[in-house]
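Taking it in order: structure first as structure tokens, then the write-up.
Protein chains in written order, with the working numbering: chain A, 15 to 536; chain B, 15 to 536.
The following block contains the structure:
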């Protein structure tokens, strides 16, 4: 039962109902894109002094338990972790075993994301060690929250939104625990070296900058200086050496897989053709495509088109894979600007190639900065679980009501110059273009094109694109026509889940910290 | 006439008299090394929103005047600049010409350092455009301040102390103007590319992070992304393109010169022998030596000793020169950790060699962080203008009373494990080992060894070093004996300048922001 059961629901500017109070704190309902104006100051950590830190730079303590005691772990604290180890993360489970053993309760766990491997932590949600999760819940923990079992309310933020929440002081982290594939005893750390190498460590950057106490945990301790220092030792309190951070085979893939589904390959072809015919694919352009099966197929197809036309990109945004690194090495882009690496080639390239550049949610996505990289992208290709006829989209819940995915950088990327949703028109006989998205994650005004295997719908707000593609042989259609066709094919609209309309499992923040929508529980 | 003329002078823990109020703000007298404990929070800049910045990332405005108007330049503001362009800086003079033309007055100029090229600005100190300077004053501006002509009181901080003052909110920067040898229109910038390439840009890091408004000025505008981004565009408001930032031949030397003076070469030999015989020179050691003539000679001599013994350093701290980069390239060190480059080879190596690593006053020197690099150094070789028989040292004024040098990283480096002052025993017939230093910059307890051409004095606090060197053939002597010999040689003690003992030209802060000493005016 959540605390917010009786919290008043208020209607926001998107017409969605959101709780007025979340986990005891008054919320700000979504006011519209670019409408909310912050008037506060950034979080201000206490001033430290070197007099309190070892002058030889050696911050090693014998184990995680000792580190947690030294930083003053207490009931009710907020503890953050990052998800660069993805489904191979072993450390977070050990962290909560340790907290349980110490006997501390009511922790607000603030991960950048949780994965199926963290299903292990359900016992600690049940027994009160963890009070609630603020962060992406991929899979089992999202299901747990949707079943109404979590004591507090989940708060879902994009990657940029999470950095913003830390920077703005919305979330005060008491203790950040940073898994580091390579680190020195001073706390300098990176993710490009070591047996658990994962690529960038940017999801933990804000944690390292603003948390009261920072513990770096590594399974590959190197002599000072650990270079590059994507996490800076100057922000770190203690360093712990462990045998293993997790399962390297689940941290990064040996290879990432391109889709083999004919429908999905067709979608990828449509995207590539659209990007070329719309005039986006020209010398010096930029794009971001992610690492899903459709996206990788799109990359290979776009690459052929770029080669055929002699076009070179200025930069491509990661998550990186071998398909991106090949483009860099073949001279099809000047730079990869990378926030996470999905396969071993991505990690290797980031380690070795100075034009494969480490980025963070601060540089790429933070909406409360002086600009960010996302809005400069000429094209972004994203997925979605649902979209409606007004181009409003969902990326966290399925039509059955279950919260099963995080937002990732999805919302942040909506600020790109041309936002393309690449989606199959149905999944498991469930139509994807719906009357009303289960959860609103992205306002339709920000989504320019929906590309399915049955046709391409351009948002009427983008008359410029419609005009540019007016002579195209691409199957450009009205979104309602595609929707209707799929409804007929699948035997009608998706069934509505029987959610309690006053029982809040989680809320979805917009990039500016206002509440965009509510995930209701069963 | 300074405001502080009538400010009460109070005696601090070092026995020096410092003003209780500086530029209208109550000061904290020095309390002893590691004794002052901060209890405040860091500076908290206002939260910004991308809604206020161009979504295409293009922050270019047509000229500096327009940028200054857009950021709201007003009387009495604090404007910061950095000194990576050293005596080749043309931008700062143009900046104040522009401020004068706009008609704004009473600027607090907060440079990381000023150089002889800034003598041009005396007219703006005279006419009230600049109220006073807080920052190193090398040469003419220091002379101007010592002559009692500056309206406010100069505040001298070390490189780390300056970062600390910004971070801690002691100095609120209204407008940071950052000269950038390479930048993109978003504001990402570095100093390793472009015709005015100077090496690192770390002295401007704190300014970019904490200033209300940040203007990047470049004479080499590149397409986004400018990589590496030592200054991050996410912290930048406006970008201005100009024809030239200054005189490249005075920004970095073509080559840096090793001393040819036999006395100074002898000092260099003594240092090298001391570093070897004390056991400091062993595999994995680290040191910092700077770029003065003696220091470079020491580097060459140490290099021979390292080769002869098969010893490799783990890291050497810059400022970098060709002598350091050769050691890196010959495998005599794993890393150069560099804060500034003094010659073109230093710049080239930083640009090309991933083991030549960019650092900043945050990583290297900030005393109000969770440790810093300086205290981890096995040996540092520093200069001084004066030292007394208790090893107290001066680095800013000469015995004639004139303020002619900045502190640089000198105070920060005193936290190294073995601090060696390498000084000729006299200069222009003026003895350097004095009864009482004109200005106290470094407490004697932090200085381990004084090496002159007439002998080596080890601080009695370092009995461990005295014991290690007990069988050495080095001329190890009592500091008072060397002092006496030089007094006799030079015809007695230096003449005392006729300074007004109640007229404050500038104050010297300790690394923690407390006042260590006062520079009195004539």
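Using N, Cα and C, we set each Cβ at its ideal position, and we do this for glycine too.
- The DSSP-derived three-state label of residue 125 of chain A is strand.
- Chain B has a Cβ within less than 8 Å of the Cβ of residue 389 of chain A.
- Along the segment 256-301 of chain A, the beta strand (DSSP E) does not occur as any fully enclosed run of 3 or more residues.
- Residue 451 of chain B is positioned such that its CB atom lies no closer than 8 Å to that of residue 502 of chain B.
- In the structure shown, residue 151 of chain A falls within a strand segment according to DSSP collapsed to helix, strand and coil.
- The beta carbon of residue 75 of chain B sits closer than 8 Å to those of 81, 84, 252, 253 and 254, all from its chain and outside the five residues before and after it, given in chain order.
- Under the 8 Å criterion on CB atoms, residue 438 of chain B is classed as non-interfacial with respect to chain A.
- Each residue's CA atom was taken as its position, placing residue 126 of chain A and residue 418 of chain A some 15 Å apart.
- With respect to chain A, the C-beta atom of residue 385 of chain B has a partner C-beta closer than 8 Å.
- Any Cβ of chain A closer than 8 Å to the Cβ of residue 377 of chain B would place that residue at the interface, and such an atom is present.
- Cβ neighbours of residue 494 of chain A within its own chain (closer than 8 Å, five residues either side excluded): 403.
- In this structure, the straight-line span from the alpha carbon of residue 105 of chain A to that of residue 352 of chain A is close to 24 Å.
- Assignment of beta strand (DSSP E) within the segment 385-465 of chain A, counting only whole runs of 3 or more residues, yields 393-396, 400-402 and 433-436 in chain order.
- With respect to the 8 Å criterion, residue 281 of chain B and residue 466 of chain B are classified as neighbours on the basis of their beta carbons.
- With a 10 Å radius around the Cβ and a threshold of 16 neighbouring Cβ atoms, residue 192 of chain A comes out buried.
- In summary, residue 258 of chain A is exposed, with fewer than 16 beta-carbon neighbours lying within 10 Å of its beta-carbon over all protein chains present.
- Exposed is the label assigned to residue 40 of chain A, since fewer than 16 other Cβ atoms lie within 10 Å of its Cβ.
- Residue 278 of chain A counts as buried, since at least 16 other C-beta atoms from the protein chains shown sit within 10 angstroms of its C-beta.
- Boundaries of the beta strand (DSSP E) around residue 530 of chain A: 529-534.
- Residue-level contact check: residue 173 of chain A does not touch chain B, since none of the beta carbons of chain B fall below 8 Å from its beta carbon.
- Three or more Cβ pairs closer than 8 Å define a contact, and the segment 185-200 of chain A falls short of that threshold against the segment 368-375 of chain B.
- Of all alpha-carbon atoms in A/394, A/110 and A/256, the one lying nearest the alpha-carbon of residue 313 of chain A is that of A/394.
- Excluding residues up to 5 positions away in sequence, 118 lie with their Cβ nearer than 7 Å to the Cβ of residue 88 of chain B in the same chain.
- For residue 334 of chain B, DSSP records a beta bridge to B/355.
- Within chain A, no residue has its beta carbon less than 9 Å from that of residue 471 of chain B; the closest one is some 24 Å off.
- Taken through DSSP and simplified to helix, strand or coil, residue 525 of chain B comes out as coil.
- Straight-line measurement puts the Cα of residue 361 of chain A at about 30 Å from the Cα of residue 438 of chain A.
- The residue among A/317, A/292 and A/204 with its C-alpha nearest the C-alpha of residue 481 of chain A is A/292.
- Counting along the chain, residue 92 of chain A sits inside the beta strand (DSSP E) bounded by residues 92-95.
- Contacts with chain A at 8 Å (Cβ-Cβ) include residue 71 of chain B.
- Of the candidates A/331, A/504, A/470 and A/356, A/356 places its Cα closest to the Cα of residue 100 of chain A.
- In the same chain as residue 177 of chain A, and ignoring 5 residues on each side of it, the C-beta atoms closer than 8 Å to its own belong to 219, 220, 374, 375, 376, 379 and 380, in chain order.
- Within chain B, the residues 61, 62, 63 and 64 have their CB atoms less than 8 Å from the CB of residue 382 of chain A, given in chain order.
- By a beta-carbon distance limit of 8 Å, residue 122 of chain A contacts residue 145 of chain A. Their separation comes to about 6 Å.
- In the three-state reduction of the DSSP assignment, residue 209 of chain B falls in the coil class, being assigned neither a helical nor a strand state.
- Our two residues, residue 406 of chain A and residue 453 of chain A, have alpha carbons roughly 9 Å apart in a direct line.
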